[in-house]
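Undergrad: Residue numbers (this note's numbering): 5 to 402.
Don't be surprised by glycine CBs; every beta carbon is placed ideally from N, CA and C.
Nothing here was measured: the structure is a model prediction, and the numbers come from that model.
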Ligand SMILES: Cc1ncc(COP(=O)(O)O)c(C=O)c1O
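What follows is the structure, encoded as structure tokens:
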């Protein structure tokens, strides 16, 4: 099918829950994608921080091909070899001790919310139920996770929402101090808010959040669905801040493009008993094969170190553009999760870049987000920045 045919079928048969760009990618390799009409794109979206090793990485292709012949699915009624190996690899490379696997970021956060509630009930009292989250956060699209998400636009129309959530401005320690108390069972934060506009937490803020949680017997949950697995130049973003959470959630990059999510927790917090939580597909042999291959490649391929090098190149080139155009207000982020805040809307720029063969996206209306594959090289960064520069220069002339 060509692009037009795919779009026509999509408009006829798909629910209209996505505001889709009229582009139909059919093939990907490394940092490149091709649409159904054969047009090539440089991909700085990466399936929104999913394709960490680029499109169709060889390690994942091989692991999945081998596993698919052995076994695709197996119930969690039994022990699954790839699942236990993946759990060990995650635990050995993080400050966490136990893993639960699911299929998405929202599910990982659901599991975290349930675990925190259960923990508070068992260790403290039944009234300790409140989860404090940040404004502008994003934690997923299930009922509990849109409620955890501190953005009313995601909640509107879906009321009644589950109770027990409280919101505070991000990076405002005083506001957090006022919100956290005896009724708080957990504080849930992204170390860097991705969807909310690439907002980086300060070290003081996250250290303060940890201290407040300890003072009030609450758990600290870090949502690293977007920031986890080398994206920010550390395997986990919490390492930048010197603050270990009690619960950590992951998804996006974990499967190298294959759907898988995880909730990790410290030993003393991992109090789930048989029957407390489950997922039919969670941690299945195929998804875990993809994740094992991805994580091994990230660790053994020294991707963290590489991200620091190429992340600095991208940051510097974005900063140079910000010197050139006065409508660029800020460049921020860490590693290869970078944002360019504009004093104008960003969607026209996204569309113009696409016309010229570069895919980027825009969050919060005015922040361009750059999340290329972690394997991007300096030549492709330069190409992308040349396209962006051309597009921005067109705007300056208006
Ligand atoms: C920080 C964060 N948490 C949770 C989610 C939800 O993940 P999923 O779409 O896999 O449910 C996202 C998705 O963008 C995210 O960025």
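Near residue 152, which residues of its chain fall below 8 angstroms by C-beta distance, leaving aside the five closest residues on each side in sequence?
TA: Contacts found: 113, 117, 135, 137, 141, 143, 144, 169 and 192.
Undergrad: Relative to ligand 2, is the shortest distance from any of its heavy atoms to the C-beta of residue 232 smaller than 7 angstroms?
TA: Only ligand 1 can be found as ligands here, which leaves ligand 2 out of the picture.
Undergrad: May I have the straight-line CA-CA distance separating residue 125 from residue 222, to the nearest angstrom?
TA: 11 angstroms
Undergrad: Out of 214, 310, 216 and 189, which one is the CA nearest neighbour of residue 233?
TA: Looking at the Cα atoms, 310 is the closest of the given residues.
Undergrad: According to DSSP, is residue 78 part of a helix, a strand, or is it coil?
TA: Of the three classes helix, strand and coil, the one that applies to residue 78 here is coil, per DSSP.
Undergrad: Measure the Cβ-Cβ separation of residue 254 and residue 273 and say whether it is below 8 angstroms.
TA: no
Undergrad: So does the region 367–379 actually touch the region 339–348, counting three or more Cβ pairs closer than 8 angstroms?
TA: yes
Undergrad: Please determine if the region 387–398 and the region 320–327 are in contact, where contact requires at least 3 C-beta pairs separated by less than 8 angstroms.
TA: Cβ pair count under 8 angstroms is three or more, so yes.
Undergrad: Look at the alpha carbon of residue 327 and the alpha carbon of residue 334, and state the distance between them as a whole number of angstroms.
TA: The straight-line gap from Cα to Cα measures roughly 10 angstroms.
Undergrad: Quick one: give me the first and last residue of the alpha helix (DSSP H) that residue 336 is part of.
TA: Here residue 336 belongs to no alpha helix (DSSP H); instead the beta strand (DSSP E) covers 332–338.
Undergrad: Going by beta carbon distance, what residues of the same chain come within less than 6 angstroms of residue 263, once the five residues before and after it are set aside?
TA: 107
Undergrad: For residue 245, which of helix, strand or coil comes out of DSSP?
TA: helix
Undergrad: Within its chain, find whatever has a CB closer than 8 angstroms to the CB of residue 308; leave out the 5 residues flanking it on each side and keep chain order.
TA: Excluding sequence neighbours, residue 308 sits near 234, 237, 238, 239 and 302.
Undergrad: For a minimum of 3 consecutive residues, which ranges assigned as the beta strand (DSSP E) are wholly contained in the region 108–191?
TA: Complete beta strand (DSSP E) runs here, min 3: 134–138 and 169–172.
Undergrad: Taking residue 399 as the reference, give the member of 246, 367, 330 and 39 with the closest Cα.
TA: 330
Undergrad: What residue range is occupied by the uninterrupted beta strand (DSSP E) comprising residue 31?
TA: Judged by DSSP secondary structure, residue 31 falls within the beta strand (DSSP E) whose first and last residues are 29–33.
Undergrad: Does the distance from the CB of residue 59 to the CB of residue 288 come in under 8 angstroms?
TA: No, the Cβ-Cβ distance between residue 59 and residue 288 is not below 8 angstroms.
Undergrad: Would you report the Cα separation of residue 402 and residue 332, rounded to the nearest angstrom?
TA: Note that residue 402 scores a pLDDT of 45, beneath 50, so its modelled location is shaky; the value from the coordinates is reported in the next line. The straight-line gap from Cα to Cα measures roughly 15 angstroms.
Undergrad: Are the Cβ atoms of residue 195 and residue 241 separated by less than 8 angstroms?
TA: In terms of Cβ geometry, residue 195 and residue 241 form a close pair [threshold 8 angstroms].
Undergrad: Do residue 314 and residue 385 have their beta-carbon atoms positioned less than 8 angstroms apart in this structure?
TA: Taking 8 angstroms as the Cβ cut-off, residue 385 and residue 314 qualify as a contacting pair.
Undergrad: Just to confirm before moving on: does the CB-CB distance between residue 245 and residue 203 stay below 8 angstroms?
TA: no
Undergrad: When every heavy atom of ligand 1 is checked, does at least one fall within less than 7 angstroms of the C-beta of residue 95?
TA: Short note on residue 95: C-beta not closer than 7 angstroms to any heavy atom of ligand 1.
Undergrad: If you count every other CB in all the chains shown that lies within 10 Å of the CB of residue 167, and 16 or more means buried, which is it?
TA: exposed
Undergrad: Would you call residue 16 buried or exposed, if buried means 16 or more other Cβ atoms sit within 10 Å of its Cβ?
TA: Residue environment for residue 16: exposed (fewer than 16 other C-beta atoms within 10 angstroms of its C-beta).
Undergrad: Leaving out the 5 sequence neighbours to the left and right, which residues in its chain are closer than 7 angstroms to residue 296 when beta-carbon positions are compared?
TA: 67, 86, 89, 90 and 93
Undergrad: Quick check: does the Cβ of residue 143 come within less than 7 angstroms of any heavy atom belonging to ligand 1?
TA: yes
Undergrad: Residue 80 and residue 279: beta carbons closer than 8 angstroms?
TA: no
Undergrad: Within the present structure, is the beta-carbon of residue 115 separated from the nearest heavy atom of ligand 1 by less than 7 angstroms?
TA: No; taking the cut-off as 7 angstroms, the Cβ of residue 115 has no heavy atom of ligand 1 nearer than that.
Undergrad: Exposed or buried, residue 365, counting other C-beta atoms within 10 Å across all chains shown (16 or more means buried)?
TA: buried
Undergrad: Would you decide whether residue 33 is buried or exposed? Buried here means 16 or more other CB atoms lie within 10 Å of its CB.
TA: exposed
Undergrad: CB of residue 201 to nearest heavy atom of ligand 1: below 7 angstroms?
TA: no
Undergrad: Is any heavy atom of ligand 1 found at a distance shorter than 7 angstroms from the C-beta of residue 227?
TA: yes
Undergrad: At a threshold of 7 angstroms, does residue 194 count as lining ligand 1 (C-beta to nearest heavy atom)?
TA: yes
Undergrad: Considering only their Cβ atoms, is the gap separating residue 189 from residue 99 smaller than 8 angstroms?
TA: no
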